[in-house]
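Numbering (the working numbering), first residue to last: 956 to 1080.
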């Protein structure tokens, strides 16, 4: 299930030589938050990872499938009520041309507070 334009929307994208950064806005009215958790919504970890994959797809212009999630560190709760504006910064994107594998390191933060760190590998579908 795609979460773009339902659970979150892209507010801006910035690309430099060493960084790809997306500023996104979380939609507190999304049905996921009705179950996770009523009255005190938090973004499920699987959604945090899915958003990273979708943003990478947007940046690369390719459909991807996550192959390996190497490391995930959830450091703070992402609540659409308390921290609706989140930044995903892809600090490293490397590609292996022979098998079309993209290795990624991402930092997720809000107002300079680290929310999560991710390392994963995707392949083109």
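The beta-carbon is built from N, C-alpha and C at its ideal position, and this holds for glycine as well.
Buried or exposed by the 16-neighbour rule on C-beta atoms within 10 Å, applied to residue i
i: residue 1018; result: exposed
i: residue 993; result: exposed
i: residue 956; result: exposed
i: residue 1061; result: buried
i: residue 1047; result: exposed
i: residue 1020; result: exposed
Limits of the beta strand (DSSP E) - the one that residue i falls within
i: residue 1015; result: Looking at the DSSP string, residue 1015 is not in any beta strand (DSSP E); the run it does join, the alpha helix (DSSP H), is 1000-1015.
i: residue 966; result: 963-970
i: residue 1062; result: 1056-1065
i: residue 1042; result: 1040-1051
i: residue 1025; result: 1019-1029
Cβ-Cβ distance between residue i and residue j below 8 Å
i: residue 958; j: residue 1006; result: yes
i: residue 983; j: residue 1039; result: yes
For residue j and residue i, believed in contact at Cβ under 8 Å, the rounded distance
i: residue 997; j: residue 1034; result: 5 Å
Opening and closing residue of the alpha helix (DSSP H) in which residue i lies
i: residue 989; result: 987-990
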